[in-house]
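One rule links them: number in our numbering = place in the sequence shown (from 1) + 3. Virtual Cβ for every residue (Gly too), placed ideally from N, Cα, C.
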Amino acid sequence: MSYSDTVRQHARIAILRFLEDAPKYTSNVSMLASQLPLIGIAFTRAQVVTELAWLKEQGLVETEETGAFIVAIATTRGVEIAQGIARHPEIQRPKPGA
């Protein structure tokens, strides 16, 4: 697996975990893009949009576009993956107690 694939897997679980912690499991792209660098994932806004589209294709988030804003909402399955209850082969599994 390439370094960029590994980073994407880590970004995907981070996005799901941020949404799990957010009120109503909801956040916008700008908020998510500002949180990722705090954990060492330097993604651009465009990269976050790309990963949200991928997560949506997998049924792990829903998205709503409101003007220039994209809002993401975790699905039940997305929260289960964030919590480590469920797995997806292309998303980093969270460590126990994380």
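Looking only at its chain, what residues have a beta carbon closer than 7 Å to the beta carbon of residue i, apart from the 5 residues adjacent to it on each side?
{"i": "isoleucine 94", "result": "Gln12, Arg15, Ile16, Ile84"}
{"i": "aspartate 8", "result": "none"}
{"i": "valine 10", "result": "Ile44"}
What does a CB cutoff of less than 8 Å around residue i pick up in its chain, not counting 5 residues either side in sequence?
{"i": "glutamine 86", "result": "Glu23, Pro97"}
{"i": "serine 30", "result": "Phe21, Leu22, Val74, Ala75"}
For residue i, does the count of other Cβ atoms within 10 angstroms reach 16, so buried, or fall short, so exposed?
{"i": "leucine 63", "result": "buried"}
{"i": "leucine 41", "result": "exposed"}
{"i": "phenylalanine 72", "result": "exposed"}
{"i": "tyrosine 28", "result": "buried"}
{"i": "alanine 77", "result": "buried"}
{"i": "isoleucine 18", "result": "buried"}
For the ligand GDP, any of its heavy atoms closer than 7 Å to the Cβ of residue i?
{"i": "arginine 48", "result": "The ligand content of the structure shown is nil, which means the ligand GDP is not present either."}
Confirm, please, whether the CB-CB distance from residue j to residue i is below 8 Å.
{"i": "glycine 81", "j": "leucine 58", "result": "yes"}
{"i": "arginine 48", "j": "serine 33", "result": "yes"}
{"i": "leucine 39", "j": "phenylalanine 46", "result": "yes"}
For residue i and residue j, what's the separation of their Cα atoms in angstroms?
{"i": "glutamate 67", "j": "valine 74", "result": "5 Å"}
{"i": "alanine 36", "j": "valine 52", "result": "9 Å"}
{"i": "proline 92", "j": "glycine 70", "result": "33 Å"}
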